[in-house]
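The structure appears right after this line, and notes come after that.
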Amino acid sequence: NAYLNEPDEESVFIHHGTPLPVQHYLFLELWNKTQSKELVKYFYPKLKAYYEFIAGKTETSNTANMQSGLIRTWDYFYNSGGWDDYPPQKYVNEHKLTSNVTPVVSSAHAIRIAKILKLAAHELGLQTDMAIYDSDIQHLSNALNNFSWDESSGYFGYVVHDTSGNVRDILKYDDQVNYNMGLGGASPLISGICTEDQKKAILSHLMTKGEIWSDVGLSAVDQSAPYYSNEGYWNGTVWMPHEWFYWKTMLDLGEANFADRIAMTALDTWKRETEDRYNCYEHFIIETGRGAGWHQFSGLSCPVLSWFNAYFQEGTITTGFDVWIKEKTFNESNTGLRANLYIGENSNSQFTVIVCLNPQYDYQVVWQGKMVEYKEVSKGTLSITLPNNTDNGLLEITKD
Numbered sequence: 237n238a239y240l241n242e243p244d245e246e247s248v249f250i251h252h253g254t255p256l257p258v259q260h261y262l263f264l265e266l267w268n269k270t271q272s273k274e275l276v277k278y279f280y281p282k283l284k285a286y287y288e289f290i291a292g293k294t295e296t297s298n299t300a301n302m303q304s305g306l307i308r309t310w311d312y313f314y315n316s317g318g319w320d321d322y323p324p325q326k327y328v329n330e331h332k333l334t335s336n337v338t339p340v341v342s343s344a345h346a347i348r349i350a351k352i353l354k355l356a357a358h359e360l361g362l363q364t365d366m367a368i369y370d371s372d373i374q375h376l377s378n379a380l381n382n383f384s385w386d387e388s389s390g391y392f393g394y395v396v397h398d399t400s401g402n403v404r405d406i407l408k409y410d411d412q413v414n415y416n417m418g419l420g421g422a423s424p425l426i427s428g429i430c431t432e433d434q435k436k437a438i439l440s441h442l443m444t445k446g447e448i449w450s451d452v453g454l455s456a457v458d459q460s461a462p463y464y465s466n467e468g469y470w471n472g473t474v475w476m477p478h479e480w481f482y483w484k485t486m487l488d489l490g491e492a493n494f495a496d497r498i499a500m501t502a503l504d505t506w507k508r509e510t511e512d513r514y515n516c517y518e519h520f521i522i523e524t525g526r527g528a529g530w531h532q533f534s535g536l537s538c539p540v541l542s543w544f545n546a547y548f549q550e551g552t553i554t555t556g557f558d559v560w561i562k563e564k565t566f567n568e569s570n571t572g573l574r575a576n577l578y579i580g581e582n583s584n585s586q587f588t589v590i591v592c593l594n595p596q597y598d599y600q601v602v603w604q605g606k607m608v609e610y611k612e613v614s615k616g617t618l619s620i621t622l623p624n625n626t627d628n629g630l631l632e633i634t635k636d
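Per the working numbering, the sequence shown starts with residue 237, numbered consecutively.
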């Protein structure tokens, strides 16, 4: 609420740092925990105004002034994803190319927050708004797939435009290799707009040790890239806030095992470092596995709290970005759950839900009247992968 204004105010939101719209993600988290209709009614107009600026749909915004329609926020802040020395961003800033180069992450998150707002609009019965979001999502998805996808690297790339705003090429390192091999190049996976071939390529990068995966989690930069460095601030390190986006995305994709690996690796890394030095560090160095940066950066611990809540807090249900929990009820002993789920996207064949229950019992899980299997991550914590073949579904869990 500190960063959101009323829609009729001159400033549509309070700008502080990187314009990556995390407020929309927090909104979805709050809804899925509270099912508060008052929350939706209060925040929806504010979040819609914020989105319209990011998407270049207001008179005061020039974020979408390229002919490609891709989003660039350089005119408002030098940082696109919060990653100061992320290689292509660093290159664009150092060579004064911000006026004609678009990153990937800005468009990717614009798509995802449009989908979040579409979920809220559905809850409020705003059919016209839903149609507008659908159009925006299609427009940006086409732009990313038509102009940004680089099949040779298996990543989306920064797009270079000419002085008239027309697409020229993908930004390359030494004019040879996609400069965006890393979490930025994988970010359309978060949007939920990738083809099956794109999903396969990006998931391979994320899961392969020596590429994005490391012993301490997801590297900001692909470790096999020629511009990877062990001596950077983001380059050569793991930052948990961006890991959180990919963890939630794995739930959307039904990649339950990898979702668990991201979360548990992060929790173990955090636990090991804080027990040793009792500091809340910004990031973790891949080469050493140790925490580094500012030692009191407690705001970056929010993903850690989210993971702990999902896997170890009784009476919780956790989903990806595509699921809107219409209503949920745990019984008093946390040995049973009844939840109505609205699934806003049907592009994936399955999705995963994590439910944390009383660890003293075994459970039966029923989805749409049929018993389904689940994986027990730890005693009482169920990882349930469900078929994505309905808009609305009833999830019921009872003691065995």
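Positions of the beta carbon are idealized from the N, C-alpha and C atoms, including for glycine.
{"Item": "Could you pull the DSSP bridge partners for C592 from this structure?", "Value": "T552 and T617"}
{"Item": "How many whole angstroms separate the CB atoms of S342 and T309, which I take to be in contact at a CB cut-off of 8 Å?", "Value": "5 Å"}
{"Item": "Is it true that the region 475-493 meets the region 534-554, where meeting means three or more beta-carbon pairs spaced less than 8 Å apart?", "Value": "yes"}
{"Item": "Using only CA atoms, which one of G453, I590 and K635 lies nearest to T617?", "Value": "I590"}
{"Item": "Among A528, T524, V276 and E523, which residue has its Cα nearest to the Cα of Y517?", "Value": "A528"}
{"Item": "Quick test of your reading: K562 and N576, contact by CB under 8 Å. State the CB separation rounded to the nearest angstrom.", "Value": "4 Å"}
{"Item": "Nearest-angstrom Cα distance between F494 and E612?", "Value": "14 Å"}
{"Item": "Looking at Y415 and V337, is the spacing between their C-beta atoms short of 7 Å?", "Value": "no"}
{"Item": "Should M607 go down as buried or exposed, given a rule of 16 or more other Cβ atoms within 10 Å for buried?", "Value": "exposed"}
{"Item": "Which whole runs of the alpha helix (DSSP H) in the region 335-362 are 4 residues long or more, in chain order?", "Value": "341-360"}
{"Item": "Give the range of the beta strand (DSSP E) segment to which V452 is assigned.", "Value": "Taken as a continuous stretch (DSSP letters only), V452 belongs to no beta strand (DSSP E), as it is neither H nor E."}
{"Item": "Can you give me the start and stop residues for the beta strand (DSSP E) that D405 sits inside?", "Value": "V403 to I406"}
{"Item": "Enumerate, from N- to C-terminal direction, the unbroken beta strand (DSSP E) stretches of 3 or more residues contained entirely within the region 554-579.", "Value": "559-566 and 573-579"}
{"Item": "List the endpoints of the continuous alpha helix (DSSP H) containing M500.", "Value": "A492 to R513"}
{"Item": "The alpha helix (DSSP H) with I290 in it runs from where to where?", "Value": "K273 to I290"}
{"Item": "At what residues does the beta strand (DSSP E) containing E632 begin and finish?", "Value": "N628 to K635"}
{"Item": "Report the residue from S388, A379 and E387 whose alpha carbon sits nearest the alpha carbon of H397.", "Value": "A379"}
{"Item": "Are at least three pairs of beta-carbons, each pair with one atom in the region 423-441 and one in the region 339-354, less than 8 Å apart?", "Value": "yes"}
{"Item": "Counting Cβ pairs, one atom from each stretch, are 3 or more of them under 8 Å apart for the region 297-309 and the region 356-369?", "Value": "no"}
{"Item": "Would you kindly check if the distance between the Cβ of G421 and the Cβ of D321 is under 7 Å?", "Value": "no"}
{"Item": "Alpha carbon to alpha carbon, how far is Y286 from P243? Give it in angstroms, no decimals.", "Value": "9 Å"}
{"Item": "Specify the secondary structure class of C430 as computed by DSSP and reduced to three states.", "Value": "coil"}
{"Item": "Answer yes if the region 554-568 comes into contact with the region 499-513, meaning at least three C-beta pairs across the two stretches below 8 Å, and no otherwise.", "Value": "no"}
{"Item": "Do Y578 and W603 have their beta-carbon atoms positioned less than 7 Å apart in this structure?", "Value": "no"}
{"Item": "Could you name the residues of the same chain whose beta carbon sits closer than 7 Å to that of Y327, not counting the 5 residues immediately before and after it, in chain order?", "Value": "Y415"}
{"Item": "For the alpha helix (DSSP H) that contains Q325, what are its first and last residues?", "Value": "P323 to E330"}
{"Item": "Between the C-alpha atoms of L360 and I307, what's the straight-line distance to the nearest angstrom?", "Value": "28 Å"}
{"Item": "Is it right to say H252 is buried, meaning 16 or more other beta carbons lie within 10 angstroms of its own, or is it exposed?", "Value": "exposed"}
{"Item": "In or out: Q532 buried (at least 16 other Cβ within 10 Å) or exposed?", "Value": "exposed"}
{"Item": "Closest to D433 by C-alpha separation, out of N471, W267, I448 and F392, would be which residue?", "Value": "F392"}
{"Item": "Could you work out which residue in I352, G572, D370 and F249 is closest to L266 when comparing CA atoms only?", "Value": "I352"}
{"Item": "Around the Cβ of S247, are there at least 16 other Cβ atoms within 10 angstroms (buried) or fewer (exposed)?", "Value": "exposed"}
{"Item": "Looking at C-alpha atoms only, which residue of D558, Q596 and V413 is the closest neighbour of N628?", "Value": "D558"}
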